[in-house]
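Right, one structure below, let's go through it.
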Amino acid sequence: MSLTAEVFDAPITMISLVDQQRQWFLASNGLNVTETPREVAFCAYTINQDKSLIVPDAKVDYRFRQNPLVTGSPYIRFYAGTPLKSTRGHNLGTLCIVDNKERELNEKEVRILELLAQLVIRELELRRKALICPLTEVFNRESFLQLAKIETQEAKDKGKGLSLLLFDIDNFGQINNRWGHEAGNRVLKEICSAVKSLLEESDLFGRVGDNEFAVLMLDREMESCLELSERIRVVLEEQKGVFDHSDYQPLMSGGLTNMSTTDNSFFEILKRSQDALDLAKGNGRNQVVRMLSQ
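Start counting the sequence shown at -11; every next residue gets the next number (our numbering).
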């Protein structure tokens, strides 16, 4: 961020990631907030195009002149942002510079901004590889637990709901024993792909064991979490299995719980979810047991 700020002599520079509800800053210089609602984010416009967005004077731009970030702090006048495009072609966020006076960028300066964005995306890809399980492409255990701790504290601070589903694949060892690890890996990939199709962007999905997974659901009613957990169970039950002609079907046992006002850490929630999962296994498997907080 300091390099971008120095190159463009800009008081504010940001690496911004955008999801359905918010824009949040992976890194920033000259800004004292960590996120903004998506509806006021300049970067929400940038990620919807494949080229840089330059706003010389936000006060006369019809898209932004009534924006609270223009009419109020930090009083944005100039904005320049370029999309951060992943190696798969998805716009994840932006690298942007902001000033409180109107400005222009020439073609050379725009190109420099785009080159800096390429450096950022390379760094993000390296970080992603450290966070993601390479087989299933969901968060690995360490990164899931770290993110879950952060989300738990934020939910407590904001008085929002949080629920955790912990599940594993019943009798998964049969696959490796009968058809080998390659077949087992294929089943895990297909299972994760099926589960991800049911989740919202705000949900966290991680592989926390060899064949054990966790879904952290944010700001949902408990009944909605139970419904999602059942949908996951049914979707897995409908998977083909190892081969069309095999007698193995990937079934799951799950433990679901919610955060209570007495929980002091995410690991208390995790322990309760593990207890519920153990009950599901003890009760015959292929089911989700809900354990309510006290």
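Think of the CB as a built atom: it goes at the ideal place given N, C-alpha and C, for glycine as much as any other residue.
| Item | Value |
| --- | --- |
| Can you grab the Cα-Cα spacing for the pair residue 81 / residue 184, in whole Å? | 21 Å |
| Do the CB positions of residue 240 and residue 258 come within less than 8 Å of each other? | no |
| Is the Cβ-Cβ distance between residue 45 and residue 111 less than 8 Å? | no |
| Among residues of its own chain, excluding the 5 on either side of residue 102, which ones have a beta-carbon nearer than 6 Å to its beta-carbon? | 70 |
| Whose C-alpha, out of 55, 221, 47, is nearest the C-alpha of residue 32? | 55 |
| Where in the stretch 157 to 191 do unbroken runs of the alpha helix (DSSP H), each at least 4 residues long, occur, reported from the N-terminal end onward? | 161 to 167, 169 to 184 |
| Identify every residue that forms a DSSP beta bridge with residue 278. | 244 |
| How is the beta strand (DSSP E) around residue 10 delimited, first residue to last? | 10 to 17 |
| Of all the options 266, 253, 117, 254, which has the alpha carbon lying nearest to the alpha carbon of residue 243? | 266 |
| Under the three-state reduction of DSSP, which class applies to residue 124: helix, strand or coil? | coil |
| My output table needs one value for residue 205: the three-state DSSP class, helix, strand or coil. | strand |
| Beta-carbon within less than 8 Å of residue 120's beta-carbon, same chain only, minus the 5 sequence neighbours each way: which residues are those? | 126, 127, 128, 131 |
| What's the gap between the Cα of residue 202 and the Cα of residue 141? | 18 Å |
| Classify residue 11: buried if its beta carbon has 16 or more other beta carbons within 10 angstroms, exposed otherwise. | buried |
| Helix, strand or coil for residue 52 per DSSP? | coil |
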